Amino acid sequence: MAYDPQNVFAKILRGEIPSAKVLETDGALAFLDIGPVNKGHVLVIPKVEAATLSELPDDASAHVGALLPRLCRAVREATGAEGLNVIVNHGEVAGQTVHHVHWHIIPRFRGDAVRWPWPHDSYDGDELERMRLRIAAALGPASSSS
Numbered sequence: 013m014a015y016d017p018q019n020v021f022a023k024i025l026r027g028e029i030p031s032a033k034v035l036e037t038d039g040a041l042a043f044l045d046i047g048p049v050n051k052g053h054v055l056v057i058p059k060v061e062a063a064t065l066s067e068l069p070d071d072a073s074a075h076v077g078a079l080l081p082r083l084c085r086a087v088r089e090a091t092g093a094e095g096l097n098v099i100v101n102h103g104e105v106a107g108q109t110v111h112h113v114h115w116h117i118i119p120r121f122r123g124d125a126v127r128w129p130w131p132h133d134s135y136d137g138d139e140l141e142r143m144r145l146r147i148a149a150a151l152g153p154a155s156s157s158s
């Protein structure tokens with residue numbers, strides 16, 4: 013999917029659209045979602061142009077990853093949440109609606125309207141090992157065999 017520099021998050025980064033910022037660094041911005049799953053729902057976006065997580069440079073991903081524990085602690089404390097979902101939707105089929113990679117930090121409460129868990133599948137025969145080998149091959153020669 014091609015990056016669209018006119019997406020809403022790019023406009024927020026350029027200051028063309030206001031946001032309720034909770035944290036900003038040289039490499040990322042965290043702000044409240046205006047259509048929250050639960051109140052206190054925070055979005056975290058890197059300040060680089062990448063439509064999906066697989067397009068994001070490793071250093072930009074590492075920067076956002078380093079912010080997530082701190083943001084999670086703050087969301088839990090501020091909302092009194094019993095738990096959190098930290099989610100990246102990768103591509104439209106996975107629910108991504110804004111084509112700028114972003115993380116959701118969603119405060120969760122017992123009895124809230126969000127349904128979990130997702131349905132699960134299983135592997136048959138040697139299917140697990142075949143899938144492992146395919147993913148390891150896609151990672152390249154630096155991947156681990158164990």
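All the letters of the sequence shown, read from the start, carry residue numbers 13 to 158 under the numbering used here.
No residue lacks a Cβ here, since even glycine has one placed at the ideal position from N, Cα and C.
On a predicted model such as this, the values are computed, not experimentally measured, just so you know.
1. So what does DSSP say about I118, is it helix, strand or coil?
2. Applying the criterion that 16 or more other CB atoms from any shown protein chain within 10 Å of the CB defines a buried residue, is R144 buried or exposed?
3. Tell me the DSSP secondary structure of V98 in three-state form.
4. Of the residues V100, T37 and V56, which one's Cα is nearest the Cα of L44?
5. Which residues in the same chain as A63 place their Cβ atom closer than 6 Å to its Cβ, once the five residues preceding and following it in sequence are excluded?
6. Starting from E139, trace the alpha helix (DSSP H) in both directions and tell me its first and last residue.
7. Just verifying my parser: in three-state terms, what is the DSSP assignment at P58?
8. What span of residues does the beta strand (DSSP E) with K33 cover, start to end?
9. Do you know how far the Cα of H53 is from the Cα of V126?
10. DSSP beta-bridge partners for A63?
11. Using the three-state DSSP reduction, which class does A74 fall into: helix, strand or coil?
12. Buried or exposed: where does S157 fall if 16 or more other Cβ atoms within 10 Å of its Cβ makes it buried?
13. For L80, does the three-state DSSP call read helix, strand or coil?
14. Residues bridged to L41 by DSSP?
According to the structure shown:
1. strand
2. exposed
3. strand
4. V56
5. M13, Y15 and H111
6. E139 to L151
7. strand
8. K33 to E36
9. 13 Å
10. Partner(s): none; A63 has no beta bridge.
11. helix
12. Residue confidence for S157 is low, a pLDDT of 48 falling below 50, so the modelled location carries little weight; the figure read from the coordinates is stated next. Exposed.
13. helix
14. E36 and I57
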